[in-house]
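Here my numbering is used: the first residue of the sequence shown is 1140, the next is one more, and so on.
Everything on this sheet refers to the single structure shown next.
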Amino acid sequence: MFNVPSVPHQEKNKSIAVLTSGGDAPGMNAAIRSVVRYGLAHGCNMFGVSKGYSGLLEGEIQPLSASSVANIIQRGGTILKTDRCEAFFKKSVRREAVNILKRKEIDGLVVIGGDGSFTGAHLMENENKFPTIGIPGTIDNDIFGTEDTIGFDTAVNTALGAIDRIRDTASSHDRIFLIEVMGRNSGFIALNVGVGGGAETVIVPEEKQSIESICRTIDRGVKRGKTSSIIVVAEGPTEGLSHRIMKDLEKKGHNSKVCILGHTQRGGSPTAHDRLLASVLGASAVAHLLGGHSNAMVGVKADEVVLVPFKKIIGKKKALPSSLIEFAGILAT
Ligand code: F6P
């Protein structure tokens, strides 16, 4: 399915550290395991940094052996722990982080995380010439330059399982359910579970939908004899969106219930897809670092591993295939 780049022979005895940063995602452990074992297999000394950039600044760096990453491929979360580090916005703080890594004689850093985490790595390398490489790990699948991110498939399947259960009670009680999934700035989870879960409507931050159009969809279903409806809502940037929609629907004569799936989507054992993706991307990140490539992310394009420079992806918005929203609606009519 995926290709792993080969490692040049001459690169031996390098020291590589790995950290996880930002929101955790199922499959991060599988990526850590792969980074460590692939690095060890190619003669490297491997290190784990605890608690993302915050832990790095506190010098929380430990050697990792093959057995220290045993029995983690199936576990959600991240054994290295993770954090969002405000301090890392400062140039002097990033310099200090590089000094800490250099004092430990570390030659390169693998960062598993999202856009914000990659920004930190990119600046660290630009300012200090310290090699960094990113592995996309976020349930939101919102990283430009890669078609897939570690954790997305698991989160979609978790949400889908919940929707299937809610559908049972929705149809038993003839109810409309608003099911809120994660996605502060992006609707990838919502769109995928909307299509996969047979939702009547999908609401995403990328596209405005009027309450009138939501009502029209509900009414069309009612006319056809439908007694229940599933509306998938991506949480969006401001809290309480589903409850606001519920109130608006009530004003139009439709009673509904809200179910917020929240952080349940971030936990749990990774799917086979995420374990494979994480394993291949982990090894590829190490292979690229050893091949002298850095300041870039390993991503996926048409089932192939690609190396994309950070400068080409950071801050860019990955487009949602919005035709799928209409598609979800067509299939649910
Ligand atoms: O991991 C991404 C994400 O799950 C977003 O969809 C969500 O808005 C955010 O993280 C919430 O994370 P936290 O509760 O850790 O701030």
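Where is the CB? At the ideal position from N, CA and C, for every residue including glycine.
Anyone know if the C-beta pair for residue i and residue j falls short of 7 angstroms?
i, j, result
"P1344", "G1379", "no"
"L1428", "I1272", "yes"
"D1413", "D1222", "no"
"L1186", "I1171", "Looking at the sequence shown, residue 1186 is not Leu but Phe. Going by C-beta atoms, F1186 is not nearer than 7 angstroms to I1171."
"V1174", "V1157", "yes"
"I1245", "M1167", "no"
"S1395", "L1317", "yes"
"N1184", "S1154", "yes"
"G1290", "P1165", "yes"
"L1196", "A1236", "yes"
"G1276", "I1302", "no"
"S1126", "G1161", "Nothing in the structure corresponds to residue 1126, since the chain is present only between 1140 and 1472."
"I1464", "T1258", "no"
"N1296", "T1410", "yes"
"L1371", "V1334", "For clarity, residue 1371 is Val in the given sequence; the question names Leu instead. No, they are not a contact pair."
Restricting to Cα atoms, I'd like to know which of the options is closest to residue i.
i, options, result
"S1418", "A1226, A1471, R1176 and L1158", "R1176"
"P1448", "A1294, A1236 and D1254", "D1254"
"N1210", "A1169, R1234 and R1233", "A1169"
"D1407", "S1231, T1308, G1215 and I1274", "It is worth fixing the name first, because residue 1407 is Gly in this sequence and not Asp. Checking every option, the nearest Cα to that of G1407 belongs to G1215."
"G1360", "R1314, S1206 and K1457", "R1314"
"V1208", "L1179, K1229 and G1198", "L1179"
"S1310", "G1364, F1283, T1377 and K1455", "G1364"
"S1352", "K1229, T1377 and G1468", "G1468"
"N1238", "G1198, G1300 and M1385", "G1198"
"K1362", "K1229, T1472, E1225 and K1241", "T1472"
"A1426", "H1402, I1274 and L1330", "I1274"
"K1243", "K1229, S1206, C1224 and P1202", "P1202"
"A1294", "M1385, L1330, D1307 and T1308", "L1330"
Please report the Cβ distance between residue i and residue j, rounded to the nearest whole angstrom; I am assuming they are in contact, meaning their Cβ atoms lie under 8 angstroms.
i, j, result
"Y1192", "F1141", "Incorrect: roughly 28 angstroms between the Cβ atoms, too far for contact."
"A1373", "G1322", "4 angstroms"
"T1366", "E1339", "Not a contact, Cβ separation roughly 12 angstroms."
"G1182", "K1151", "4 angstroms"
"A1435", "L1446", "5 angstroms"
"F1283", "K1450", "That belief does not hold up - the Cβ atoms of F1283 and K1450 are roughly 11 angstroms apart, past 8 angstroms."
Counting only the same chain and skipping the five closest in sequence on each side, list residues whose C-beta sits under 6 angstroms from that of residue i.
i, result
"V1439", "T1285, E1286 and D1287"
"S1325", "D1279 and D1281"
"C1354", "K1391"
"I1350", "D1387"
"V1249", "V1157, V1174, I1272 and A1424"
"G1194", "V1188"
Leaving out five residues on either side along the sequence, give the residues of the same chain with a beta carbon under 8 angstroms from the beta carbon of residue i.
i, result
"E1382", "Per the sequence shown, residue 1382 should be read as His rather than Glu. Excluding positions up to five away in sequence, the list reads V1397."
"V1444", "F1141, N1142, V1143, P1144, V1419, L1420, S1423, V1437 and G1438"
"A1441", "E1286"
"I1305", "F1316, I1318, I1369 and C1398"
"R1234", "E1266 and N1267"
"L1240", "A1156, L1195, I1200, L1248 and F1269"
"H1312", "S1367"
Using a Cβ-Cβ cutoff of less than 7 angstroms, which residues in the same chain neighbour residue i once the five nearest sequence positions on both sides are dropped?
i, result
"S1433", "G1247, E1264, P1270, T1271 and I1272"
"A1298", "V1320, I1328, V1332, L1400 and Q1404"
"D1163", "G1216, T1217, T1221 and R1405"
"I1212", "N1168, A1169, R1172 and R1414"
"F1466", "V1334"
"Q1348", "I1342"
"H1393", "I1315, C1354 and I1357"
"M1385", "L1317, S1395 and V1397"
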